[in-house]
Amino acid sequence: MPTQRGSSEAHDKPWVVQVCNPPRWHTFEGSCYYFSEIPKTWQNATQFCTKFEAHLIIINSKQEQDFVVTKMSFSNWLGLTDAQKENEWLWGCTPWASWLFFLSYWRLGEPNNSGSNEDCAALYKGGVWNDIPCDTKSLFICEKRVRP
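Positions 1 to 148 (full-length UniProt numbering) are the ones given, in order, by the sequence shown.
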């Protein structure tokens, strides 16, 4: 079972913009979301998001999860990994906020680290999370804050 480490705050989203730039960016509750069309590895997706001063999506609420699921066609990378230490899941470099919230979205039996190399999390169309190998190519969602 994964463990939680660190603060109770999931993250402070320092990436801010004035407005979201369509067509691939969508606004929801103070953040912009970019929904990719080209699959990339977790690391390459992270680098892509960084080019736009964004990060892989960090799920902070049921409402945010529900919003992105309605926009998805296939599975997408989350900004969630346990690559630094097995079963110590971090949103990028920051621990998640709510352990109970976090547990509620894993697919039954996940995370299971199948094959001892599933260190990155993906969000599936049905709204469940699964740990998969980071070198898998998947669609992804970038996120950045909108300046108030």
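No residue lacks a Cβ here, since even glycine has one placed at the ideal position from N, Cα and C.
Only a predicted model underlies this, so the values are computations on that prediction, with no experimental measurement involved.
Just grab the DSSP bridge partners of residue 157 for me.
Residue 157 lies beyond the residue range present for the chain, which begins at 1 and ends at 148; the question has no answer from this structure.
GLU118 and ALA54: beta carbons closer than 8 Å?
Taking a C-beta distance under 8 Å as the contact criterion, GLU118 and ALA54 do not qualify as a contact pair.
Does the ligand PLP have even one heavy atom less than 7 Å from the beta-carbon of VAL128?
No copy of the ligand PLP appears in this structure; indeed no ligand is present at all.
Do PHE74 and LYS125 have their beta-carbon atoms positioned less than 8 Å apart in this structure?
Inclusion of LYS125 and PHE74 in the CB contact set at 8 Å is warranted, their separation being smaller than that value.
Helix, strand or coil at TRP42 [DSSP, three-state]:
Secondary structure at TRP42: helix, using DSSP grouped into helix, strand and coil.
Would ALA121 pass as a contact of ASP131 if the rule is Cβ separation under 8 Å?
Yes.
Taking 6 Å as the limit between beta carbons, can you name the residues of its chain near TRP106, skipping five residues before and five after?
Within the same chain, TRP106 has close Cβ partners TRP129.
Which runs of the beta strand (DSSP E) spanning at least 3 residues fall entirely within the region 108 to 140, listed in chain order?
Inside the region 108 to 140, DSSP marks whole beta strand (DSSP E) runs of 3 or more residues at positions 120 to 123 and 129 to 132, from first to last along the chain.
Do LEU56 and ILE141 have their C-beta atoms closer together than 8 Å?
Cβ atoms of LEU56 and ILE141: closer than 8 Å.
For ASP66, the first and last residue of its enclosing alpha helix (DSSP H)
Unbroken alpha helix (DSSP H) run through ASP66: 62 to 71.
Own chain, CB closer than 6 Å to GLU27, minus 5 neighbours either side, in chain order
A small fix is needed here, since residue 27 is Thr in this sequence, not Glu. Contacts found: CYS20.
Per DSSP, the bridge partner or partners of THR81:
According to DSSP, which records beta bridges pairwise, THR81 is partnered with LEU90 and CYS120.
Nearest to PHE35 by CA position, among LEU78, LYS137, MET72 and ARG145, is which residue?
The option with the nearest alpha carbon to PHE35 is MET72.
Within 10 angstroms of its Cβ, does GLN65 collect 16 or more other Cβ (buried), or is it exposed?
Around the beta carbon of GLN65, 16 or more other beta carbons lie within 10 angstroms, which makes this residue buried.
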